[in-house]
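Novice: Residue numbers for the sequence shown follow the working numbering, so the first one is 52 and each next one is one higher.
For every residue, glycine included, the Cβ atom is placed at its ideal position computed from N, Cα and C.
One structure, as structure tokens, below. Some questions next.
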Amino acid sequence: MLLARIQSGDGAAFIEAYDLFAPKLYRHALFRTSSPEVADDIASETFTRAWEIVREKASEIRHLKAFLYRIADNLIIDHYRKNARAAVPISEEIEETLRAPGDPHERVDRMLAGEKMAGLLAKLKPETRDLLVMRYIDDLPIEHIAEATGKKKNAIYVALHRAVKELKELCAGSTSDN
């Protein structure tokens, strides 16, 4: 409904979308860049670009949240290309953003809260880490992750399954190191 209002040119609806999604996009960018300033710039620029695109291609947008995350992810990629740095540390904000227990991957969710898990996540490939962050920290549905990454839903399911398995193996390896 919010998307339909935005597509019809309702500026107030766009402000509602900003209020709803800007903090989430900021947190997403912060996890990926570890820089509050860069995260703030990315969150703001995401909405600037979204407004321009919505006016031109409104009918092509199906899911507002996925659309915004795709823009933010592209801006994050652009940031790293410009700065030629590798994305790394996941901040301790993980503790505040975890979903409640009961999820099928409950063990992974709980472990994400610790610094040890942040270190393990840093060992994963950026694409793998990003999928885990989008699904378990940003709480994006599979469909939206697929749209945001430009991949098919089945590919996302498989990649997430492998990512969780890889993370569990890293967890098991780090547990046996102690």
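Taking the alpha-carbon positions, what's the A101 to V209 distance?
Specialist: As a working mapping, residue 101 is identified with position 50 in the sequence shown. As a working mapping, residue 209 is identified with position 158 in the sequence shown. Whole-angstrom Cα-Cα distance: 29 angstroms.
Novice: If you follow the alpha helix (DSSP H) that D190 is part of, which residue opens it and which one closes it?
Specialist: For the purposes of this step, residue 190 is taken as residue 139 along the sequence shown, with counting starting at 1. Note, D190: premise wrong, no alpha helix (DSSP H); not H, not E.
Novice: Whole angstroms are fine: how far does the CA of N134 sit from the CA of H79?
Specialist: Walking along the sequence shown from the start, residue 79 turns up at place 28. Walking along the sequence shown from the start, residue 134 turns up at place 83. Spanning the two alpha carbons is a distance of roughly 19 angstroms.
Novice: If A13 sits next to F98, beta carbons under 8 angstroms apart, how far is it from one beta carbon to the other, in whole angstroms?
Specialist: The question about residue 13 has no answer, for the chain in this structure spans 52 to 229.
Novice: Rank F65, A117 and P177 by C-alpha distance to the C-alpha of P192 and give the top, closest one.
Specialist: Taking the sequence shown and counting its residues from 1, one reaches residue 192 at position 141. Nearest of F65, A117 and P177 to P192, Cα basis: A117.
Novice: For L71, name the three-state secondary structure that DSSP assigns.
Specialist: Along the sequence shown, read from residue 1 onward, the residue named residue 71 stands at position 20. Note: L71 maps to helix in three-state DSSP.
Novice: Label K75 either buried or exposed according to how many other C-beta atoms from any shown protein chain fall within 10 Å of its C-beta, with 16 as the threshold for buried.
Specialist: Along the sequence shown, read from residue 1 onward, the residue named residue 75 stands at position 24. So K75 ends up on the buried side.
Novice: Looking at the structure shown, is I128 part of a helix, part of a strand, or coil, going by DSSP?
Specialist: On the sequence shown, position 77 is the one that residue 128 refers to. Three-state DSSP puts I128 in a helix.
Novice: Inspect the beta-carbon positions of L54 and L119 and report whether they are closer than 7 angstroms.
Specialist: Position 3 of the sequence shown, counted from the start, is the residue given in the question as residue 54. Position 68 of the sequence shown, counted from the start, is the residue given in the question as residue 119. Not a contact, by the Cβ cut-off of 7 angstroms.
Novice: Which class does S59 belong to by DSSP, given the choice of helix, strand or coil?
Specialist: The residue you call residue 59 lines up with position 8 of the sequence shown. DSSP places S59 in coil when its eight states are reduced to three.
Novice: Which residue marks the beginning of the alpha helix (DSSP H) containing A183, and which one marks its end?
Specialist: For the purposes of this step, residue 183 is taken as the residue at position 132 of the sequence shown. In the sequence as presented, Ala is not what sits at residue 183; that position holds Leu. From DSSP, the alpha helix (DSSP H) with L183 extends over P177 to L183.
Novice: Under 7 angstroms between the Cβ atoms of Y69 and A90?
Specialist: Counted from its first residue, the sequence shown places residue 69 at position 18. Counted from its first residue, the sequence shown places residue 90 at position 39. No.
Novice: Need the endpoints of the alpha helix (DSSP H) that R106 sits in, please.
Specialist: The residue given as residue 106 occupies position 55 in the sequence shown. It spans P87 to K108 - the alpha helix (DSSP H) in which R106 sits, taken as one unbroken run.
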